[in-house]
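Residue numbers (our numbering): 27 to 621. For glycine and all other residues, C-beta sits at the position ideal for the given N, C-alpha and C. Below is one structure, written out as structure tokens; the observations come after it.
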């Protein structure tokens, strides 16, 4: 036996020819039996005979990887192939068994409920496979109606798993749903699949789990006024599908079930129209709901998406691309510029320069009725000091308001263009411009609330101990952490100290205080969240623990809020009890009070 062929770790026996789609014959090798709940998956090849000595094969339960004898890159090893088989199994398990999509094991020419299942093939390019088109990475289907993938070795990283493979296998999954996904959405949907995988614990290799994490959609963020899919955002228009699949606004008809139905629907129509028809939810409301959540990327993996956004904002040139500044008119309106006027599905995020101690914010909105079919979905969005996002109701004309609660740190208006008819616009011209939908607004505030502020920003800091390479200034510098291991900024840490340590704020005046928020630092090495902690305030010359405390959280990757009975003091302290041999650390400590 050819030595390379001995790499097969699922041996089998040659079967007689089988008919696929009533026209083509294939030789196949039966794999070892798998679990009793599934059919045996059979090895096949639509290009090479199974006994062809010019190719090598290695199989897993549901996949076969095939490569030639001409190693152009010198990087194809048994470890590479085995590792990719393991990764493919994880990806398939997630797409099929978690998300609920049809497997790629039955020919698209056969009944989807066929009892005969075949392994899905991946061909390694640049190995002398003359019957396979040699490109970086792609999915296609063979004459028998089975999807296959062809990728170069450079796209096959094993650990961490390549991001190319889940994208290409998503194309295979899409084909085998037997529906009709229009070509402008072909890459968008594949990247949506991949992001779902990255957001799961199936994104792993061996015992190392890399998920949940996420991809990002920078071209959408930096070209938010453009229609989509557009050549400027061709691969990256998938956050709209994240909104549809996660259904954060709990619209009856949206959710993962809708995505499955959409991929299996064979109607040839615009994606927006298809989703509206199947779900019964207006495209306008879907777009409006999606657009307003793009302010704080308010989806399930918000912290991961926000880490990418914060990186973009480090370049000051990106601010004017991400946010929209309106122009004043002579009659008191603020008008969008022509360059930023949104096209269909495009949106503007407009930061509001208002007094956030106001009780109410009112926006008067007026779209340009001279544009045929123009319509909009508008929302007021606020972000609190705790990172919570709040929304007004959506509207399309006239005035709407939102009541502030005193803990807001930013406010925005979001305008999304939702015309009466969504057009089938070109996705392949980077210079293409869709119909623009201008508008103008007026902003008003009213009332004043007794606002509770984060008074930590004006405090003097002290501590029992701070590591020389860390900084006590990190406690109250106003930084917005993206995770508990966020090393993009200074942190407070007291390694190698254990036991009880403290950090303290002193104020120049007495404040009435009733809340503390702590974002813990934990690096997975010498610093972890505390075992427990107490909040104390200075009463005369004595430190006393606050009463009726609720919270005292020790959760990573978020602010931990503790509320308590109001105290009047000029100093407040956290006493931290370490978790065993670990020291403690803090990324940001907020204290809320009023004079």
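Boundaries (first-last residue) of the beta strand (DSSP E) holding residue 147: Numbered from 1 along the chain shown, position 121 holds the residue referred to as residue 147. Bounds of the beta strand (DSSP E) holding residue 147 are 146-150.
Inter-residue spacing [alpha-carbon to alpha-carbon] between residue 573 and residue 479: Taking the chain shown and counting its residues from 1, one reaches residue 573 at position 547. Taking the chain shown and counting its residues from 1, one reaches residue 479 at position 453. Distance between the alpha carbons of residue 573 and residue 479 is about 21 Å.
Rounded C-alpha distance that separates residue 246 from residue 368: For the purposes of this step, residue 246 is taken as residue 220 along the chain shown, with counting starting at 1. For the purposes of this step, residue 368 is taken as residue 342 along the chain shown, with counting starting at 1. The alpha-carbon atoms of residue 246 and residue 368 are separated by roughly 13 Å.
For residue 141 and residue 418, the rounded distance between their alpha carbons: If you number the chain shown from 1, residue 418 lands on position 392. If you number the chain shown from 1, residue 141 lands on position 115. Cα atoms of residue 418 and residue 141: separation of roughly 52 Å, rounded to the nearest angstrom.
Contact set for residue 262: own chain, Cβ-Cβ below 6 Å, skip 5 residues either direction: Counted from its first residue, the chain shown places residue 262 at position 236. If we look at residue 262 and ignore the five residues flanking it on each side, its Cβ neighbours are 243, 245 and 246.
Contact check, residue 373 vs residue 437, beta carbons under 9 Å: Along the chain shown, read from residue 1 onward, the residue named residue 373 stands at position 347. Along the chain shown, read from residue 1 onward, the residue named residue 437 stands at position 411. No, the Cβ-Cβ distance between residue 373 and residue 437 is not below 9 Å.
Near the ligand FAD: residue 190 beta-carbon under 8 Å from a heavy atom: Because no ligand of any kind appears in the structure shown, any question about the ligand FAD cannot be addressed here.
Between the CA atoms of residue 521 and residue 604 - distance to the nearest angstrom: Translated into positions along the chain shown, residue 604 becomes position 578. Translated into positions along the chain shown, residue 521 becomes position 495. Rounded to whole angstroms, residue 604 to residue 521 spans 10 Å at the Cα level.
Beta-carbon gap between residue 439 and residue 407 smaller than 9 Å: For the purposes of this step, residue 439 is identified with residue 413 of the chain shown, where counting begins at 1. For the purposes of this step, residue 407 is identified with residue 381 of the chain shown, where counting begins at 1. Judged by beta-carbon spacing, residue 407 lies within the 9 Å limit of residue 439, meaning their Cβ atoms are closer than that value.
Helix, strand or coil at residue 211 [DSSP, three-state]: Locating residue 211 in the chain shown gives position 185, where the first residue counts as 1. Helix.
Alpha-carbon to alpha-carbon, residue 375 and residue 353: Sequence index remark: in the chain shown, residue 353 carries index 327 (1-based). Sequence index remark: in the chain shown, residue 375 carries index 349 (1-based). Going by the C-alpha atoms only, they are around 14 Å apart.
The alpha helix (DSSP H) enclosing residue 562, as first and last residue numbers: As a working note, residue 562 is residue 536 in the chain shown. Careful: residue 562 lies outside any alpha helix (DSSP H), inside the beta strand (DSSP E) at 558-565.
Residue 616 (DSSP reduced to helix, strand or coil): The residue given as residue 616 occupies position 590 in the chain shown. It is a strand residue.
Proximity below 9 Å, CB of residue 90 to CB of residue 148: Numbered from 1 along the chain shown, position 64 holds the residue referred to as residue 90. Numbered from 1 along the chain shown, position 122 holds the residue referred to as residue 148. The answer is yes: Cβ separation under 9 Å.
Interface flag, residue 67 vs chain D, CB-CB below 9 Å: In summary, chain D is missing from the structure at hand, where a single protein chain is found.
Among 292, 404 and 300, the one whose alpha carbon lies nearest that of residue 280: As a working note, residue 280 is residue 254 in the chain shown. Nearest Cα to residue 280 within the set 292, 404 and 300: 300.
Sufficient close CB pairs (3 or more, under 8 Å) joining the region 525-543 to the region 593-604: Counting C-beta pairs closer than 8 Å gives three or more between the region 525-543 and the region 593-604, which meets the contact rule.
Contacting residues, own chain, Cβ-Cβ under 6 Å from residue 129 (five flanking each side not counted): Counting from one through the chain shown, the residue named residue 129 turns up at place 103. 122.
Best match in 329, 557, 360 and 493 for proximity to residue 414 [C-alpha to C-alpha]: Sequence index remark: in the chain shown, residue 414 carries index 388 (1-based). Comparing alpha carbon positions, the residue from 329, 557, 360 and 493 closest to residue 414 is 329.
CB contact flag (residue 464, residue 310, <9 Å): Your numbering for residue 464 matches position 438 in the chain shown. Your numbering for residue 310 matches position 284 in the chain shown. Note that the C-beta distance between residue 464 and residue 310 is not below 9 Å.
Length at least 4, wholly inside the region 289-370: the alpha helix (DSSP H) runs in chain order: Considered as a whole, the region 289-370 harbours 297-305, 309-319, 328-339 and 345-348 as its complete alpha helix (DSSP H) runs of no fewer than 4 residues, in chain order.
Contact set for residue 528: own chain, Cβ-Cβ below 6 Å, skip 5 residues either direction: As a first step, residue 528 must be located in the chain shown, where it is residue number 502. Close CB contacts of residue 528 within its chain, under the 6 Å cut and outside five residues either way in sequence, are with 490, 599 and 601 (chain order).
Contacts around residue 119, its chain only, beta-carbon distance under 8 Å, and the 5 residues preceding and following it disregarded: Here residue 119 is taken as the residue at index 93 of the chain shown, counted from 1. Here residue 119 has 228 as same chain residues with Cβ atoms under 8 Å from its own Cβ, once five neighbours each way along the sequence are excluded.
Option in 253, 213, 103 and 200 with minimal Cα separation from residue 126: Residue 126 sits at position 100 when you count from the first residue of the chain shown. Looking at the Cα atoms, 200 is the closest of the given residues.
Enclosing alpha helix (DSSP H) for residue 108 [first to last residue]: For the purposes of this step, residue 108 is taken as the residue at position 82 of the chain shown. Per DSSP, residue 108 is one residue of the alpha helix (DSSP H) stretching across 104-118.
Assigned exposure category for residue 158 - 16 Cβ within 10 Å defines buried: Along the chain shown, one-based indexing puts residue 158 at 132. Per the 10 Å Cβ criterion, buried.
According to DSSP, residues forming a beta bridge with residue 393: Sequence index remark: in the chain shown, residue 393 carries index 367 (1-based). In the DSSP output, where bridge partners are listed per residue, residue 393 has 465.
Residue 143, DSSP secondary structure in three states: Residue numbering aside, residue 143 sits at position 117 when the chain shown is read from its first letter. Three-state DSSP puts residue 143 in a strand.
Pick from 171, 620 and 222 that is closest to residue 196, judged by C-alpha positions: Position 170 of the chain shown, counted from the first residue, corresponds to residue 196. Taking only the C-alpha atoms, the option nearest residue 196 is 222.
Opening and closing residue of the alpha helix (DSSP H) in which residue 248 lies: If you number the chain shown from 1, residue 248 lands on position 222. Per DSSP, residue 248 belongs to the alpha helix (DSSP H) from 244-248.
Beta-carbon gap between residue 272 and residue 219 smaller than 9 Å: For the purposes of this step, residue 272 is taken as the residue at position 246 of the chain shown. For the purposes of this step, residue 219 is taken as the residue at position 193 of the chain shown. Contact flag unset, no.
Under 9 Å between C-beta atoms of residue 198 and residue 181: In the chain shown, residue 198 corresponds to position 172, counting from 1. In the chain shown, residue 181 corresponds to position 155, counting from 1. Not in contact: residue 198 and residue 181 (Cβ atoms no closer than 9 Å).
Residues sharing a beta bridge with residue 543, DSSP: Numbered from its first residue, the chain shown carries residue 543 at position 517. Paired residues: 587 and 616.
Backbone secondary structure at residue 201 - three-state DSSP: Within the chain shown, numbered from 1, the residue matching residue 201 stands at position 175. Residue state, collapsed to three classes: helix.
Extent of the continuous alpha helix (DSSP H) run through residue 265: Position 239 of the chain shown, counted from the start, is the residue given in the question as residue 265. Annotation for residue 265: the continuous alpha helix (DSSP H) segment containing it runs 265-272.
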